[in-house]
Structure formats: C-alpha cells, structure tokens
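Sequences listed follow chains P, S, H and B, in order.
The numbering used here puts the first residue of the first sequence at 15, with every later residue one more than the last.
The numbering used here puts the first residue of the second sequence at 15, with every later residue one more than the last.
The numbering used here puts the first residue of the third sequence at 36, with every later residue one more than the last.
The numbering used here puts the first residue of the fourth sequence at 36, with every later residue one more than the last.
Even for Gly, the Cβ is constructed at its ideal location relative to N, Cα and C.
Reviewing the structure listed below.
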Amino acid sequence: MMDLTAQLPGLNLKNPIMPASGCFGFGREYSEFYDLSKLGAIMMKAATGEERLGNKTPRVAETPSGMLNAIGLQNPGVDKIIETEVPFLANYDISLIANIAGSTIKEYEKVASAFNETDKVHALELNISCPNVKKGGIQFGTDPSMAAEVTKVVKKASNLPVYVKLSPNVSDIIAMAKAVEEAGADGLSMINTLTGMQIHLPSKKPIIANKTGGLSGAAIKPVAIRMIYEVKQHVNIPIIGMGGINTADDVLEFLLAGASAVAIGTANFRNPFICTEIIEALPEVLSKYGFQSVQDAVGKGHDIE
Amino acid sequence: MMDLTAQLPGLNLKNPIMPASGCFGFGREYSEFYDLSKLGAIMMKAATGEERLGNKTPRVAETPSGMLNAIGLQNPGVDKIIETEVPFLANYDISLIANIAGSTIKEYEKVASAFNETDKVHALELNISCPNVKKGGIQFGTDPSMAAEVTKVVKKASNLPVYVKLSPNVSDIIAMAKAVEEAGADGLSMINTLTGMQIHLPSKKPIIANKTGGLSGAAIKPVAIRMIYEVKQHVNIPIIGMGGINTADDVLEFLLAGASAVAIGTANFRNPFICTEIIEALPEVLSKYGFQSVQDAVGKGHDIE
Amino acid sequence: MLKKVDMQIRKTNVIALDTVEMVLKSTYISQTAVPGQFLHVNVPGHTLRRPISIADVNRETETITILFKTIGSGTKKLASYLPGMKVNALGPCGKGFPIDNEVPSNVLLIGGGIGVPPLYYLGKTLAKKNINMISVLGFQTAINVFYENAFSQFSDTHIVTNDGTYGEAGFVTAVLDKIGDYDRYYACGPLPMLQAITKELDHKSGYISLEERMGCGVGACFACVIPTDDHGGYKKICRDGPVFKAQEVCL
Amino acid sequence: MLKKVDMQIRKTNVIALDTVEMVLKSTYISQTAVPGQFLHVNVPGHTLRRPISIADVNRETETITILFKTIGSGTKKLASYLPGMKVNALGPCGKGFPIDNEVPSNVLLIGGGIGVPPLYYLGKTLAKKNINMISVLGFQTAINVFYENAFSQFSDTHIVTNDGTYGEAGFVTAVLDKIGDYDRYYACGPLPMLQAITKELDHKSGYISLEERMGCGVGACFACVIPTDDHGGYKKICRDGPVFKAQEVCL
Ligand SMILES: Cc1cc2nc3c(=O)[nH]c(=O)nc-3n(C[C@H](O)[C@H](O)[C@H](O)COP(=O)(O)OP(=O)(O)OC[C@H]3O[C@@H](n4cnc5c(N)ncnc54)[C@H](O)[C@@H]3O)c2cc1C
Ligand SMILES: Cc1cc2nc3c(=O)[nH]c(=O)nc-3n(C[C@H](O)[C@H](O)[C@H](O)COP(=O)(O)OP(=O)(O)OC[C@H]3O[C@@H](n4cnc5c(N)ncnc54)[C@H](O)[C@@H]3O)c2cc1C
Ligand SMILES: Cc1cc2nc3c(=O)[nH]c(=O)nc-3n(C[C@H](O)[C@H](O)[C@H](O)COP(=O)(O)O)c2cc1C
Ligand SMILES: Cc1cc2nc3c(=O)[nH]c(=O)nc-3n(C[C@H](O)[C@H](O)[C@H](O)COP(=O)(O)O)c2cc1C
Ligand code: FES
Ligand code: FES
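Spelled out as structure tokens, the structure:
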C-alpha cells in the first residue's frame, strides 16, 4: 500500500491533501458532500480580530483557466470562529490550520494568541499577502523586513507552528522566503493569488467591485511551481504548495517542485469532491511514476548533484 | 467609418494592432499568410549586439490557457537584422519597432545606436525584462533605478522614440513605470511574460531546458490588464498593451484599461491570421460598445472623476 | 440536500431570441427541487459553474426544465449541447419560495426577462393550491417574449415590453396599478427592476429572487453575499437565497 | 505553400494500442504534400497546435491519413472526434524527404513507434519509382505494432519489439546487420533511436526526421531549433526540417 502520510511541524497528515483557505469556508458546506475525515487537513477561512464584512459585490469573475476574487476577508472574527467553527471541525479526524489576517501587527498578534485558547488547532497559516494589509504604504507581503517583523510577532504570540503564506506578487520570492524563515517561520505556504483585473465591456468598469482581485486556478500553476522550485533550493523549512491544482498529476508536480503537502482552492468550486477524488487517485499516480510514498517524491524534480 | 488610427510617439498607426516581439520573427513567415501592410506595426524579434544562439531545447511548453517559452534571445545580431530583415519589412506600409536587448548597458547602447543607421525603423522597444540580463545579480527589469539607467543610456544613444517593455515579475509595477518615464521613456510596452515552470512527470525535470520560462497567453491577461490599469493612472506616456489578447473584445479591454495600441503574441501560433482577423472585427466591437474610434476608448475603463 | 448529479439532456429548444429551453432527466432533482431553487451547472472548459434556475419539474417523467439566455461563453456552449449528452450540476441549490399554508389566496408574479423561469414552476405549484394569480412578465422587445401561454394556464397574464413592440409598453412597474388586487408578490428579474418593485410595493408582503456572480454555489466562498437589514450582516444568495423576503435584504 | 485548412474527418480507427488512424479530406493538402511533411493541427481549447506527420495521401479521393498516439490532452481530444467533424490545420509544414533522381535503388526505412507513419507515405512514393526497400519497424510491444502489412506491400519488412513479444527482440539496431544491402536510409523515431542509428550507420547516406516541441510551426518563433554542424548555427525543425541529412544536425 502506498504511504500517503506527510509529517510537517504540528501536522501529522494521513495524506498531503487539504482544501486551501477561503475556498472551503469552515468545512460545513462540504461536509454535506463527504466525510471531512478523509482529508489530510483543512485550512480554515481567514480569521481577523473582529468581524469583517468584506468587499462589495461582485466579488468573483471567471478568467481563462482561472478566476479572480476579492472577498475582502469576510469572517465572523476570531472569537466567534473559535467558539462555533473550530468545535465543529474538531469532530473530524483531521489537522486544523487556522489562517490569520489583520490590518495591523497588533491585530495579527491578537488573532494569533486567541488560537492559544483552543487545543483543537494544530498550526497557523499567516496570511501576509492580503492586499489591504499595509503599513506605511508597503504591504507586509512584498517587503521582506516587514514580513519578518510580523512573523516574529506572531511566533512570539502563538504556541503553534506558523506557516507563512507568501504572495507571488513580488520581484524576489527567495528573499521573502528567507526573511520569514530567519524570523522563525516553521513552514511556508505558497502561493497566494496573483493580483489581476478584468474589465466588463458593457459597463466599461472592472467586474470586481474592488477593481482588482486575486487570480487563482490552473492559469497560475506555472508561477506556483516556479516559485516553489526556486524557494525549495534556499530554505530548510517545509512548503505547503498550492495554486491551480486540479488533478493528482498536478499534486505530484508540486511534490517534485518541493512541496511537502498541497492545498486545493479554486478546484473545489467546480467539483466539490475534488479533494477526495485526488486522494483516491494519488496512489496510482505516485506508483506510475515510480514513487513508493508521498515523502519519496518531495523535491525530486530538482537535479540531484 | 470607424477610425482605427492611433498616434503614438514615432508611430502613426492605421490601426492599433501589431504582432508582439518574438512571436512573429521578422515577418517573413507570416507574410506568406497575408499582406503585412494590413498591420498597424510590427514589433521585431529582439536584436542583440552579436548573434545569439539561445537556449537548449525544449524551449516551449503548453500550460492551461497559456504557454511557457525560453527561447533565449536567439537572433542573428543587430547588424545582420538591419542588413537583411529591416529592408524586407520596409517593403510594407507599416511602422517598424525594433526590440533591443543586451547583457550589459554597453550592449544596449551599441544595439540602440546601430538602429540610427537606418531610417526604416520608427521606434525602439527596450526589452529590460529578459531574465538573463543582470548587473550585480539584480535584473534591470525588476529594479527601478537600473531600469532608469538603461533607459537613459538608450535614449541618449538613439534618435528614435523609446518604448520600455516592463516585466510583470515585480512587486511594484508603478514604481518601475515612473522610473523609466522620468528617465525619458517615450512610451511603455507591457507586459512581458510572467516567469513560470512546468515539471514533466515522466522525466521528473522541468520541461523547458532552461528550467524556467516566460508565461504568455490568455492565462496572464488579468495580470496585464491590472498592471496597465494601475500604471495608466500614474504616467503620462502612452502604453502599448499586450498579454493574452485573442479577440477584438480583448483589444477593447486593453484600450479601456489604458493602452493606446496593442500587441498580439502567443495567439499568432494557433491562428496565423489572428492579427488581421482582429483588425477586421474591431470596428464592430468598438461601435457595439458605443465608441467612435480607437482613440475614443483609450482609458475609458477608469472612473471619470 | 445538495448533490452532484449527471443529467441527460432530453430536449433542447430555442424558444425566443437567444433563449434556450432545456429538458433534463434527473430523478434526484425532480423529486427534491422546490420552486425558486437553482442548479449550479458545469460547463466543461470553464473554471466556474453557471447558476441557472429550475423553471419546471415533472415528477412523472423525472425531468426538470431550465431556460437560459445565451450571454457569454458558458451559456453559448451549453446551448450547443444536443439531446443525449450529459450535463453535470450541483442541485437543488439554495432555498426556494416559501409555499406554506400562509400563502394568501391572491398573489402577483412579476418576472423580468430571464428572471421569468423560476416563477413558472412557482406558479404551477401555487395553482395546485388554488391560489389566484396575476402575472406581469417584462421583456425587452417582442422577440424576447416567451412562456406567455404557459403562464396564462394558471394566471391572468400581462406582457410588457420596454419598447412596446408587444403587450404594454415600458417597465413592469408601468402596469402594477392597472391590475387586480393581490396580497403578496413574488418577483425575479434584473436588479433595477427589483429595486423599483420593492420600493413601489413596500407596503405589500413580497419575496424576491436575486442574482449575483458565484464561486462555489454552496455557501463556502462568500462570493455571493447581500447586505441584510439586521446587525449590518450579510446573507449568502447561493445558500440563504436566492429568494429573500423583500424587506430582508438591502438592494 | 503553407495554408490554413479545415479538413473534414472521413474515418477514424484505433489500429493499435492508443494509436489512431484518421482520414481527412483536403484538396489542397492532398495535392501539395510530399512525404515527410507534417500538419500543425489545432485542438480547440489548447493554446498550441500539435504537429502530426502526414502518413499517407490519396490524390483521387483528395484525402490524407494521419496516425497518432494518444499521449496527452491534445491527442486524446483529437481521438474523440467523429467522422463528419472538422479539424483545422496548417500545412503542409516543413520540408519532406528528398525524392529526387539521386535516390539509390536500394534503401532502408527505419521507423520507431509513432515515427513509423511518415515512412509509409515515403515508401509508397518510392515504390512508384521502383526502388527496392527494406523496412525495419520498431515498437515497444506486440499490441503497439501497426502497418506491418502496409509496409509489406512495397518492402521487405522486419518488425522488432523491445520485449520480443512480436518479431525480433530488442531495438531496431539489433537487426541492422541481418538485413540485405542498401545505399541510403530514411529514419524517423525517438531521439535515442536516431542517435544510435546515425552513429551505427555513419558510413551511409541517411535522412532522419526529427521531433521537437513547437510553438508556431512555421519558422517564426525559434522554439524548435536543432544545432547544425556548420558555423555553430541552428536550423528550425518546423521549417528547414523535420527531415535532415543525418550529418547535417547534431543530435
Ligand atoms: C440564482 C441564479 C439563477 C439564475 N437563473 C438563470 C436562469 O434561469 N436563466 C438564465 O439565463 N440565467 C440565469 N442566471 C444568470 C446566469 O447565471 C448567467 O447568465 C450565466 O452564468 C452567464 O454565463 P456565461 O458563461 O454565458 O456568461 P459570461 O459572462 O461569460 O460568464 C462569466 C462569469 O460571470 C458569471 N455571470 C455572468 N452573468 C451572470 C449573472 N447574471 N448572474 C450570475 N453570474 C453571472 C458566470 O456565471 C461566469 O462565472 C441566474 C443567476 C443566478 C445567480
Ligand atoms: C514534426 C513532428 C511530427 C510528428 N508526427 C507525429 C505523428 O505522426 N504521430 C504522432 O502520434 N505524433 C507525432 N508527433 C508527436 C506529437 O506532436 C505529440 O505526440 C503531440 O503533440 C502530443 O500532444 P498531446 O496534447 O497529446 O500531449 P501533451 O504532452 O499534453 O502536449 C503538451 C505540449 O507538448 C507538445 N508535445 C508533447 N510531446 C511532443 C512530441 N513528442 N513532439 C513535439 N511536441 C510534443 C505538444 O504539442 C503540446 O504543445 C510529431 C511531432 C513532430 C515535431
Ligand atoms: C474565493 C477565494 C477566497 C480566498 N480566501 C483566502 C483567504 O481568506 N486567506 C488566504 O490565505 N487565501 C485565500 N485565498 C487563496 C487560496 O487559499 C489559494 O492560495 C489560491 O487560491 C491559489 O490556489 P488555487 O489556485 O488552488 O485556488 C482565496 C482564494 C479564493 C479563490
Ligand atoms: C515564443 C516567444 C518569444 C518571445 N520573445 C520575445 C522577445 O524576443 N522580446 C520581447 O520583448 N518579448 C518577447 N516575448 C514576449 C511577447 O512579446 C509578449 O510580451 C508576451 O508573450 C505577452 O503577450 P502574449 O500573451 O500575447 O503572447 C516572447 C513571447 C513568446 C511567446
Ligand atoms: S457562491 Fe460561494 S458562498 Fe455563494
Ligand atoms: S515552431 Fe516556431 S520556429 Fe519552429
């Protein structure tokens, strides 16, 4: 039998597949389609200090092999999430990763420490790539020193392993990765969405009410693979890979590039069963290409010198 | 009759459509399909100081709604291009834009001044986004001050208008655009390809021999539109837009975002007639959405305050 | 409960300009769907599904009918499908029109353009409860009109076209004071129409069905929210709607 | 001259494991194509066209035959097409095998796997010139074998399978010294096969047909280059090839 397990800081996964943050809510809706215990883990929707109502609609648009979204971090606030959502997910035999966001370092600190109150969450995913998180006009997600700063604060505030989620909208992804590794990140999660726009011809306006949105889906897979491949050669912390995964073949491509586990976002919308179908298909794909386990494939797309 | 003309520095275009650099060679092959005089202009394949042999093959790969390429600036060298390719293209009633590249500022200077020797070329497109053009490890295309430096040198060396071709692989596209505008650029050309990678599962290696390649095609259109839209609000020089154009509707989307003319790259490969078909379809699309001319649509996707 | 189903196309028919009627076989959907619910339809080659209302259900033949306008690439592709081919959908999605014992005996159905379809299944269902119905159906122009006869089977039907090429001229609101009495309205159509109606009929009990661009269609992605009156919150059109009490949401 | 043509599918047939034979109607291609040229085939939904060799031409019926292996999404989609449907292609692309008066009277055709098809049209053409031919066709295993009879019509045909499940065992090179005499060879197949052959037969005159991932297929994008012996330059497989003199290129 194929060994699908993956061990990452705080995460003892029976398989390397998890839904990506923001594409799976807090699991309730998809729990009507299948038993969530089949998943390796779940990355919860972003939590902020207080309730957020998010952006105006339209919030999504379709693009060639992808989509744009600008939800705007809508969520009921960290306390409500811990009170009502975490207990629901704790019924399942899976690892739980809380995605945390904020507008200020203080807010990040507050959200991170709030999760110390529950023992049901196994890791934090630090979302520094959200476009409305700025300080002095520079985004945390595009400036290495600011990314390091927020990583340090969150590491200090939390007793959980911290995966920093990197934005692909940067000139130098390696510098970002190294900065947060040095600042104490236990792992990386990459990539978040590429910033994009679509203009609606009849109204002559951007379709997304927020004007710009995050591009996700198959279209961005080559960018994700490139960044993971590059970063893998420069850091020693594990990477949770994501960006355009639609098939078990795609999963293997991410493992070869250097991801130790993967997340699936946009593909859930077309196929609510995508995560379980990929979990089922993965053993055959791994053995077809000569691998004995998931672990065996990680990083094997790199030249072995 | 719909007015399709577009006036940009050095370019008096009968229509706003031109093939993008590197996707049309020097026009010879496509001249067998149609009369090149139908085009507004042609952006020639990159010219370097000496002949370049480019990268190893495979040099291209298909991706969802896009492709990767790493040709590596293969070209016969600027002198040969002026001697044999420019005279061929000068037979057609079109504007000619020479795409110039180099490994050092000196090389850029040499290539730029070489084009002073011919009066058949109407503008230069300064390709600073080529991945193997570095100085001190930083790419010209991702560092605003280096981009400004090479722009200044080329402006000084050349008696032609200079369009600087921006790379989308940057944290801050506005800073890049402003830097080259201040350095004297007459226009911008955007976007070049996004850096990506695809791993071939059977061989467990990147498909592209160069490992990374440039992502082009419909997949990147939302990124191109976003960057053009953002830059348009911060510069006063015209933009030649490109990145994933496949239809006349796409052209209008670029015009609305702020492009004054557009280039079509990857789409030529699937349909050698794409440029002429779009030129034919454009008047109807413009009038369908209430425009009297190409000029009329430029920038109209922006809120008029 | 929401399921993912493959449905075979039984019939497809262009019934008005750019408007396709498609009959699909699905035991599950035909047995569970209530008026106002929709299908989240997969169109191969597209990242996102397309929400399309259920326009009719036949429990005997185990078929459902959808009506859609060919707007963009997704609906155009769907329109090209032939009988025998399969369509995959999530459904039945959302909550439908409330059809409880409280439904008053005189109701008004107001449909605009491609908002007409869900009202048909609603009307047929209410007719079985012997509710008296008036229907006001608005279209852009004569060649867009469809289902006039179908609505006439169970209601006093008024057709309105924007340009007056068929029926009354103007918007649906133009005839609202010329029709008989009613105690509740059900409306579906473009946002400006719904805004006008809810304003004009704010003294009446009413239910409206809303549209919004959707991601998941199941309530997980927060794409399709609409502000509600209470505590400044939002509801999800795909899960809490698409039908809402007129007073419940801020258009 | 290269044209963009729509061709109607006349017949499609699975002739070996994952191997499809497709007959297409095209007046222009059937009248102009020479052996060794290829079509750059459009597969809707794909950014790039697929290069596929012309395996046979029938000038009377104005049809051409292609043979392709279903490897990835493009060839799989193509394989799903039914007679009556249209396929768009650029063609005839490239330069074919030289069939001049210099062709010696004894030649060898060496094909490997999906490299076999272009040799069939070549063999049929040479047969009309009364050239004596030996064919060595290599396949992975018995269920991959195709066109043995077809080649037997005009040549002394040897089949080789890697695993020995049909014909001789091993690679095509295994039989090269067991066959009759010849003065020139024509080869098409995977790169390792071509490398082995050109090395082993470096004393012979030979022509090889190459494959490379392509962009434009017409010579404009420089995707498909191959280093040549002279001045360190390159040739374009899509335009200067896909057929080259064995000594002309560095494999
Ligand atoms: C609950 C609900 C019920 C609907 N019922 C019907 C119906 O019965 N008949 C019918 O013809 N139409 C209906 N619509 C609208 C229908 O979903 C769109 O016309 C359709 O999605 C357009 O797809 P397209 O690919 O042709 O257009 P494109 O413009 O190419 O679509 C691009 C993207 O925008 C989305 N989109 C475009 N227009 C709309 C819209 N008006 N509402 C929501 N998403 C949109 C598409 O789903 C897709 O994701 C309904 C919409 C909703 C939300
Ligand atoms: C001149 C020439 C003639 C050919 N003749 C034939 C033939 O007669 N029969 C046949 O079965 N195959 C032939 N091939 C190979 C054929 O082009 C590929 O098998 C096909 O493109 C695979 O497409 P896909 O979508 O199924 O695979 P995918 O792997 O999904 O294709 C992805 C991309 O890679 C390219 N690609 C993949 N494999 C190859 C390859 N071996 N050569 C070139 N491009 C490739 C595709 O064109 C596409 O751009 C020929 C190739 C060349 C260059
Ligand atoms: C609708 C939507 C909402 C998202 N919300 C979040 C979020 O709240 N936090 C976050 O870190 N990433 C969010 N993302 C990004 C995804 O987690 C993921 O990184 C990205 O979509 C790339 O993966 P995919 O191509 O598989 O979707 C969101 C993506 C989408 C499409
Ligand atoms: C095969 C290929 C070769 C290219 N070569 C060049 C080049 O030499 N110089 C350059 O500035 N851009 C080059 N580009 C980038 C294109 O000019 C264009 O900016 C990009 O492909 C986006 O447009 P598209 O999506 O329409 O192709 C090349 C693109 C492709 C696909
Ligand atoms: S579409 Fe995802 S919540 Fe409604
Ligand atoms: S494929 Fe473009 S030059 Fe050969």
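Beta carbon proximity, residue i to chain P, threshold 8 Å
i               : result
M15 of chain S  : no
M42 of chain H  : no
G39 of chain S  : no
G315 of chain S : yes
N113 of chain S : no
V278 of chain H : no
T165 of chain S : no
Inter-residue Cα distance where the pair is residue i and residue j
i               : j               : result
Y201 of chain H : T100 of chain H : 25 Å
D275 of chain H : F181 of chain B : 59 Å
Y269 of chain B : G228 of chain S : 22 Å
M204 of chain S : H248 of chain S : 14 Å
V184 of chain S : E247 of chain H : 33 Å
G151 of chain P : G71 of chain H  : Because the pLDDT at G151 of chain P is just 49, under 50, the model does not fix this residue reliably, and the value given afterwards should be weighed accordingly. Rounded to the nearest angstrom, the two C-alpha atoms are 46 Å apart.
Y48 of chain S  : K234 of chain B : 43 Å
K130 of chain H : L161 of chain H : 17 Å
I251 of chain P : V237 of chain P : 20 Å
V122 of chain B : D41 of chain B  : 6 Å
Closer than 8 Å to chain S by CB, residue i
i               : result
M211 of chain P : yes
Y243 of chain P : yes
C251 of chain B : yes
V142 of chain B : no
A258 of chain B : yes
Closer than 7 Å: residue i CB and nearest ligand 2 heavy atom
i               : result
S88 of chain B  : yes
E246 of chain B : yes
Sub-8 Å separation of residue i and residue j beta-carbons
i               : j               : result
K59 of chain S  : G36 of chain S  : yes
Y63 of chain B  : K104 of chain B : no
T325 of chain P : L27 of chain P  : What is shown of chain P runs 15 to 319, which leaves residue 325 of chain P out entirely.
T196 of chain H : A222 of chain H : no
P133 of chain H : S88 of chain H  : no
Minimum Cβ-Cβ distance from residue i to chain H less than 8 Å
i               : result
M256 of chain P : no
Chain S contact residues for residue i, given Cβ-Cβ distances below 9 Å
i               : result
I239 of chain P : G210, M211, Q212, I213 and P220
A232 of chain P : T77, P78, S79 and A233
V184 of chain P : N183, V184 and S185
D263 of chain P : L215
Residue i: CB within 7 Å of a non-hydrogen atom of ligand 4
i               : result
N206 of chain S : yes
S35 of chain S  : yes
Residue i Cβ short of 7 Å to ligand 1 heavy atom set
i              : result
T77 of chain P : no
Heavy atom of ligand 3 within 7 Å of residue i beta-carbon
i               : result
C223 of chain B : no
A273 of chain P : no
Beta carbon proximity, residue i to chain B, threshold 8 Å
i               : result
Y44 of chain S  : yes
G304 of chain S : no
I85 of chain S  : yes
G151 of chain S : Model confidence at G151 of chain S stands at a pLDDT of 49, short of 50, so the residue's coordinates are unreliable; what they give is reported in the following sentence. Not an interface residue.
Ligand 5 heavy atom lying under 7 Å from the CB of residue i
i               : result
F257 of chain H : yes
C251 of chain H : yes
heavy atom of ligand 6 below 7 Å from residue i C-beta
i               : result
G254 of chain B : yes
Proximal chain S residues relative to residue i, where beta-carbon distance stays under 7 Å
i               : result
E283 of chain B : Correct list: empty, because the minimum Cβ distance to chain S is about 16 Å.
Within chain B, the residues that residue i reaches when beta carbons sit closer than 8 Å
i               : result
L180 of chain S : Correct list: empty, because the minimum Cβ distance to chain B is about 22 Å.
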